[in-house]
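Worksheet: the structure to be examined is printed underneath.
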Amino acid sequence: MRGILDNIYRVAGAISGICIVIICITILVRVTGRWFGVVIPSSGDIAGYLLAASSFLALAYSFRSGSHIRVSLFLQRLSPAALIIVERSILLLASVLVVFLSYQLGYMVWESWLFEEVTHGYIPMPLWAVQLPVAIGSAIFAISVIDTTVRHFLGLEMIPKSEEEQLAEAEPIVLDEGRMDKVEEGASR
Numbered sequence: 481m482r483g484i485l486d487n488i489y490r491v492a493g494a495i496s497g498i499c500i501v502i503i504c505i506t507i508l509v510r511v512t513g514r515w516f517g518v519v520i521p522s523s524g525d526i527a528g529y530l531l532a533a534s535s536f537l538a539l540a541y542s543f544r545s546g547s548h549i550r551v552s553l554f555l556q557r558l559s560p561a562a563l564i565i566v567e568r569s570i571l572l573l574a575s576v577l578v579v580f581l582s583y584q585l586g587y588m589v590w591e592s593w594l595f596e597e598v599t600h601g602y603i604p605m606p607l608w609a610v611q612l613p614v615a616i617g618s619a620i621f622a623i624s625v626i627d628t629t630v631r632h633f634l635g636l637e638m639i640p641k642s643e644e645e646q647l648a649e650a651e652p653i654v655l656d657e658g659r660m661d662k663v664e665e666g667a668s669r
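Just so we're aligned, residue 481 is where the sequence shown starts under this note's numbering, counting upward by one.
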């Protein structure tokens, strides 16, 4: 089960990256088209939809890899016992909020499909199709947060640390002292 969930998070992250590449290509084609007097209809709209999809699809992967912003200035001052209590409380609150968000986004997609809403712009597209990746990304993020919450309560893992926290805890790099003397001599000349 662990491997399946991790693969889902990775695939969502990869699709997010593909969306960013498609945004770049779309904008490049739009700018190049202007040089030749060609208008690419709804390219700005499509880039916006892809950006929303990319943002939500990346949430689970970035959460699991520790890329989200953490208030480490506050957390580093807590005792280990207090840190566990705070992290568990935040994970429970986040689980509730993300499940609620996922439900609402899923409901929004269903309503758009039910009422056959379309996007505004040169090329009308079914609104549900544009909203669906956002709802899927939110649902995957909800699974990720619940997964992390359960694993945290079972003592299987802690919340992933940010890159800055990992660097702060890393061993300092010790340079060869003889080499440092040569560097200092060169600097004094």
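Here a beta-carbon is modelled for each residue, glycine too, at the ideal position from N, C-alpha and C.
No experiment lies behind these values; they were computed from the predicted model shown.
In DSSP terms, what residue i is bridged to
| i | result |
| --- | --- |
| residue 598 | 606 |
Extent of the continuous alpha helix (DSSP H) to which residue i belongs
| i | result |
| --- | --- |
| residue 636 | Per DSSP, residue 636 belongs to no alpha helix (DSSP H) and is neither H nor E. |
| residue 485 | 482 to 515 |
Backbone secondary structure at residue i - three-state DSSP
| i | result |
| --- | --- |
| residue 522 | coil |
| residue 568 | helix |
| residue 559 | coil |
| residue 546 | coil |
| residue 652 | coil |
Contact under 8 Å by Cβ, residue i with residue j
| i | j | result |
| --- | --- | --- |
| residue 592 | residue 618 | no |
| residue 554 | residue 621 | no |
| residue 606 | residue 533 | no |
| residue 495 | residue 537 | yes |
| residue 624 | residue 489 | yes |
| residue 510 | residue 498 | no |
| residue 594 | residue 615 | no |
| residue 632 | residue 571 | yes |
| residue 638 | residue 611 | no |
Presumed contact (8 Å Cβ cut-off) between residue i and residue j, rounded CB distance
| i | j | result |
| --- | --- | --- |
| residue 526 | residue 512 | No, residue 526 and residue 512 are not in contact; Cβ-Cβ is about 16 Å, not under 8 Å. |
| residue 573 | residue 566 | That belief does not hold up - the Cβ atoms of residue 573 and residue 566 are roughly 11 Å apart, past 8 Å. |
| residue 485 | residue 627 | 6 Å |
| residue 609 | residue 540 | Actually they do not touch by this definition, with Cβ atoms about 21 Å apart. |
| residue 522 | residue 601 | 5 Å |
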